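Colleague: The sequence shown maps to residues 4 to 523 in our numbering.
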Amino acid sequence: MIDESKDSSGWRGRLSDYAPPVVRLVSLFTGTRSMTNDPLSGRSDQSGHSAACELANMGFRVFPYYPLLDTTCSCPGECHSPGKHPRISRYLDLATTDLEQLGKWWHRWPDAGVGICPDNQLILDIDGPSGHASLEAMQREHGMKLPPTFTCVSGSKEPHHYHLYFRLSDGTRVLNKPLCQFKGLEAFQCIDVRSRRGQVAAPGTLHRDGNYYQWDCSGLYRSLGKPDRVTDLPEAPAWLLSALGGVLISESPRHLSVQGKPKEMPSRGYGDMNLPPESNDWYLNVIRKRWPIVRAGQRNCLQVKPVAYLIAKGIPSDRIREIMNAWLNGFEGVFSSSSEQIINELDDCILRTERDFEEGKIHSITDHSSKASTKKMHPALEGLLQSTEELEKLLAPEAEKHSNELSVSQLSEKVEWSTGNRGLPFVLAVMLHYQYRVAQFGETETILMTHLQLQEILEKRFLLKIHRKQLYQLADQFISRKDQHGKEKRASVFELLKQTKRGYTGKPSEYHVTGLPPLS
């Protein structure tokens, strides 16, 4: 039982500050905790905003969760992670330590929970007695013990739900997945591994069982209490990193500020000033920071951009191959393809891109999606939005919340599209791409477009990250095409374009303009 004779600097002071009139004491033997205000960390009725600011001051990047309504998630859809559902899209990029931005989020959603996006941290999420037993068994099998560390206990009624926090050395990457999916660790169930590009519920978040996630100050799991800074976390032991297949990579994620602009990123087109100008290392530094690969499935589409950049600089093929091999090696932890396949596809990409330059198909490397996403909507397209009944219905629920003086495209940028109907931002992305192709390339009746370009416009203009499968579903609503049997398939809502020629990987498809007006 908890020793209530502690002075005001210990648990007794915390109980008087935070506990309700009737406090359920904690049994260290069973691992159970109080239902509402857990004294293990001194965190209970503290608001989510103050908890988020406290974590940000420690150095953790945080973001808001949807709050709970009783035991269910307050999001509009069917949620499988109540209390741990990110409230914003692109939370992996937009999570921040900026106190001003945290104030804006929690002013808008005062009951929101708190999530952490680890940077140089490794977090083991132990899920109940089975996970606790797996952790003990893994340590016995390796003949090693995990060092004492800072531990967050979850709000679950079931004992042994907790997170172990460790620090990773700079440039070390560990994949986010269940422990049992790592090679050689298949027997150890109910433990999740979270690191870069992952997220966990943070201290200060309410669990659906009615308790808060809190730092463990009891020593129940050999914990060290509450950290002052993320740098206080003990380093992940070498034997654990070896078991998890930890690899060294170059810094790949480009953490974005809440406005979506790069932060702490060098000027585009310039390498490290400490490297010899226009050397292989100098160019390698440029393309690593301009085109990082941060998830599987990006390599084929993305590698053509740095290849075209290097060709435009007049660099010979042998040097391009050497630089690109180093670029790809820096992201090897992301790929699932074999090394031989990656090299062959790189060679094909270089030859194909050089041929496109020779034939005049490429003149320079330009980020067309970024340029298209910044353009003002053409008046003819604004008129289409205002006059088409199907499109007005997409915005009707949101139009009542904002000024009627705003145009449809202006109004669409004030709406948070992370949930609900995403049809209108998809339509706007198609229109932005269409008007850019007309202005830049003179395409009128037929335009070229890839799904990746639409994804980039949706992300840059509307801060909306849409999975490729969802994008295909939206395309079925607004773009007609031929189905797998060769039969014409009309769009189910409003026919914007008609696919006339399907592109292959990395190449654009061809679309005939049908429902869009001509642009002068």
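Every residue, glycine too, gets a C-beta built ideally from N, C-alpha and C. Quantities reported herein were computed from a predicted structural model and do not represent experimental measurements.
What did DSSP end up calling P150 once you bin it into helix, strand or coil?
Modeller: Correct three-state label for P150: coil.
Colleague: Does L354 pass the burial test, meaning 16 or more other C-beta atoms within 10 Å, or should it be called exposed?
Modeller: With fewer than 16 Cβ atoms within 10 Å of its Cβ, L354 is classed as exposed.
Colleague: If you follow the alpha helix (DSSP H) that Y68 is part of, which residue opens it and which one closes it?
Modeller: Where Y68 is concerned, there is no enclosing alpha helix (DSSP H), although the beta strand (DSSP E) it sits in stretches over R64 to Y68.
Colleague: Rounded C-beta distance between V307 and C352? I'm assuming under 8 angstroms.
Modeller: Correct: roughly 6 angstroms between the Cβ atoms.
Colleague: Can you name the residues that DSSP bridges to L209?
Modeller: Y215.
Colleague: Excluding sequence positions up to five away, which residues of its chain have a Cβ less than 8 angstroms from the Cβ of A329?
Modeller: Excluding positions up to five away in sequence, the list reads N283 and L287.
Colleague: For a minimum of 4 consecutive residues, which ranges assigned as the alpha helix (DSSP H) are wholly contained in the region 424–477?
Modeller: Segments of the alpha helix (DSSP H) lying fully in the region 424–477: 426–444 and 454–465.
Colleague: Taking all protein chains shown into account, decide if H538 is buried (16 or more other Cβ within 10 angstroms of its Cβ) or exposed.
Modeller: Outside the shown range of the chain (4 to 523) lies residue 538, about which nothing can therefore be said.
Colleague: Quick check: the region 94–103 against the region 59–69, are at least 3 beta-carbon pairs closer than 8 angstroms?
Modeller: Taking 8 angstroms as the limit for Cβ pairs, the verdict is that the region 94–103 does touch the region 59–69.
Colleague: Between N328 and chain B, is there a C-beta pair that is closer than 7 angstroms?
Modeller: Although the question refers to chain B, the structure presented lacks it and comprises just one protein chain.
Colleague: Can you look up H258 in the DSSP assignment and give me helix, strand or coil?
Modeller: Because the pLDDT at H258 is just 33, under 50, the model does not fix this residue reliably, and the value given afterwards should be weighed accordingly. Coil.
Colleague: What's the C-alpha gap between S30 and G201?
Modeller: In this prediction, S30 has a pLDDT of 32, which is less than 50 and means its spatial position is unreliable; what the coordinates show is noted afterwards. S30 and G201: Cα-Cα distance of roughly 32 angstroms.
Colleague: Is the Cβ-Cβ distance between G158 and Y216 less than 7 angstroms?
Modeller: Taking 7 angstroms as the Cβ cut-off, G158 and Y216 qualify as a contacting pair.
Colleague: To the nearest angstrom, how far is it from the Cα of R111 to the Cα of C76?
Modeller: Rounded to whole angstroms, R111 to C76 spans 17 angstroms at the Cα level.
Colleague: State the DSSP-derived secondary structure class of P279, mapped to helix, strand or coil.
Modeller: If DSSP states are grouped into helix, strand and coil, P279 belongs with coil.
Colleague: Checking 7 angstroms against the spacing of the C-beta atoms, do M147 and W242 come in under that value?
Modeller: Yes.
Colleague: Do you know how far the Cα of M327 is from the Cα of A311?
Modeller: Approximately 11 angstroms between the Cα atoms of the pair.
Colleague: Check the C-beta distance from A238 over to R170 and give it rounded, since I have them as a contact under 8 angstroms.
Modeller: Note that residue 238 is Glu in the sequence shown here, rather than Ala. Going by Cβ atoms, the distance from E238 to R170 rounds to 5 angstroms, so yes, they are a contact pair.
Colleague: Apart from the five residues just before and just after Q473, which ones in its own chain have a Cβ nearer than 8 angstroms to its Cβ?
Modeller: Once the five neighbours on either side are set aside, the close Cβ partners of Q473 are R425.
Colleague: Taking 8 angstroms as the cut-off, does the region 186–197 touch the region 125–135 (at least 3 CB pairs, one atom from each stretch)?
Modeller: The answer is yes - the region 186–197 touches the region 125–135, with three or more Cβ pairs under 8 angstroms.
Colleague: What does the alpha-carbon distance come out to for the pair R27 and P240?
Modeller: Low confidence applies to R27: its pLDDT is 33, below 50, so where it sits in the model is not reliable enough to give any reading.
Colleague: Give the single residue among C183, S92, R225 and E348 whose Cα lies nearest to the Cα of C155.
Modeller: Residue R225 is the option with its Cα nearest to C155.
Colleague: Cα separation between H454 and Y439?
Modeller: If you take the alpha carbons of H454 and Y439, they lie about 16 angstroms apart.
Colleague: At which residues does the beta strand (DSSP E) containing V516 begin and terminate?
Modeller: Taken as a continuous stretch (DSSP letters only), the beta strand (DSSP E) holding V516 covers S512 to V516.
Colleague: Which residues does DSSP pair with I326 in a beta bridge?
Modeller: Looking at the DSSP assignment, I326 forms no beta bridge with any residue, so it has no partner.
Colleague: Closer than 8 angstroms by C-beta to P279: which residues in its own chain qualify, once you throw out the five before and the five after it? Chain order, please.
Modeller: Excluding positions up to five away in sequence, the list reads W285.
Colleague: My understanding is that I460 touches A432, with C-beta atoms under 8 angstroms, so please give their C-beta distance in whole angstroms.
Modeller: Right, the Cβ-Cβ distance comes to about 4 angstroms (below 8 angstroms), so this counts as a contact.
Colleague: In three-state terms, what does DSSP make of E491?
Modeller: Of the three classes helix, strand and coil, the one that applies to E491 here is strand, per DSSP.
Colleague: Could you pull out every residue in the same chain whose Cβ sits closer than 7 angstroms to the Cβ of K264, ignoring the five residues on either side in sequence?
Modeller: In this prediction, K264 scores a pLDDT of 33, lower than 50, which makes its location untrustworthy; no coordinate-derived value is stated.
Colleague: Can you tell me where the alpha helix (DSSP H) with V307 in it begins and where it stops?
Modeller: V307 to A315 is the extent of the alpha helix (DSSP H) around V307.
Colleague: For E357 and E343, what's the separation of their Cα atoms in angstroms?
Modeller: The alpha-carbon atoms of E357 and E343 are separated by roughly 21 angstroms.
Colleague: Under three-state DSSP, which class holds T234?
Modeller: The answer is helix: DSSP assigns T234 an H, G or I state.
Colleague: So what does DSSP say about G116, is it helix, strand or coil?
Modeller: G116: strand per DSSP, three-state reduction.
Colleague: In whole angstroms, what is the alpha-carbon distance linking C78 and A59?
Modeller: When rounded, the distance between both Cα atoms is 25 angstroms.
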